[in-house]
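Trainee: My structure is below; once you've seen it, I'll send some questions.
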Amino acid sequence: MPIDSNQVLENLSWRYAVKKFDAAKRIPTVTWTALEKAAVLAPSSYGLQPWKFIVVTDGATRTKLRAASWNQPQITDASHMVVFARRETMTPADVEKYIQRIAEVRQAPLDALKDFKGMMLSSVNNPSGMPGGSIETWARAQTYIALGVFLSAAAMMGVDACPMEGFDPKQYDEILGLREKGVTACVVATAGYRATDDMFAGMKKVRFAESEVIHRV
Ligand SMILES: Cc1cc2nc3c(=O)[nH]c(=O)nc-3n(C[C@H](O)[C@H](O)[C@H](O)COP(=O)(O)O)c2cc1C
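Going left to right, the sequence shown walks through residues 234 to 450 as the numbering used here numbers them.
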């Protein structure tokens, strides 16, 4: 069901990067579950989904992460927090796993997926030919798409958020044991509800003029 275009623009104008969350306000479970599902639905190159989303609810862990995030208060005060972690490598085994998943979900014969599998294998076996020239750059780009989908979905649902890359990925990896999961911290989203006295809430959005940003050919 399409959302009215004015409503979409209104919601995207309403959102801003929250600096001060109301620590007492929690996102209802049903809403948070929908936001998790929105992130999982994010598109990625070939559909390979080179990411994991780490939802951190443990208070003590959030305190440690805040110390690794320039002490930014959103990390502990937001209702929810998710670390978008990217895969460090992509191997033929990952391609195989994905192919098996397609076959299972779509009830497709493996033989019909041969050419697609070949394309993906040639990419992961020759990372220098991938957009950005490496698995790292490629996986990072994909992971930011998931962040964007998450942020947009939150805005549509009236949930406040702050995208954050002001943190030390190495410390995050250690605190959350991410290397053992084959991923590394890439970018974070905190989510919840803005504090009534967050001075950033009332500030005008600063964007370059559409005429400067959008070029028509
Ligand atoms: C990838 C990314 C990382 C960001 N990191 C931080 C951060 O660590 N802390 C913070 O307070 N804001 C952070 N921001 C928020 C930006 O400063 C903000 O989105 C930008 O100024 C535009 O303003 P708006 O989102 O309020 O419209 C980040 C934004 C993005 C997209």
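We put the beta carbon where it would ideally sit given N, CA and C, even for glycine.
Taking the Cβ atom as the reference point for each residue, do residue 303 and residue 419 lie within a distance shorter than 9 angstroms?
Mentor: No.
Trainee: Give the straight-line distance between the Cα atoms of residue 382 and residue 344, rounded to the nearest whole angstrom.
Mentor: Those two C-alpha atoms are separated by around 33 angstroms.
Trainee: Counting Cβ pairs closer than 8 angstroms, one from the stretch 379-398 and one from the stretch 250-263, do we hit at least three?
Mentor: Yes: the two stretches touch, three or more of their Cβ pairs being nearer than 8 angstroms.
Trainee: Whose CA, out of 313, 386 and 437, lies closest to the CA of residue 262?
Mentor: Residue 262 has its Cα closest to that of 313, out of 313, 386 and 437.
Trainee: I need the straight-line Cα distance from residue 245 to residue 388, nearest angstrom please.
Mentor: Spanning the two alpha carbons is a distance of roughly 6 angstroms.
Trainee: Going by DSSP in three states, residue 439 sits in which element: helix, strand or coil?
Mentor: In the structure shown, residue 439 sits in coil (DSSP, three-state: anything other than H, G, I, E or B).
Trainee: Measuring CB to CB, does residue 458 end up less than 9 angstroms from residue 369?
Mentor: With the chain covering only 234 through 450, there is no way to say anything about residue 458.
Trainee: Would you say residue 319 and residue 375 are within 9 angstroms of each other, going by their C-beta atoms?
Mentor: Yes, they are a contact pair.
Trainee: What distance in whole Å lies between the Cβ atoms of residue 295 and residue 288, which are believed to be in contact at a cut-off of 8 angstroms?
Mentor: With 8 angstroms as the limit, residue 288 and residue 295 do not qualify as a contact, their Cβ atoms being about 11 angstroms apart.
Trainee: Let me check one thing: in DSSP terms, what residues is residue 339 bridge-paired to?
Mentor: The partner list for residue 339 (beta bridge, DSSP) is empty, contrary to what the question assumes.
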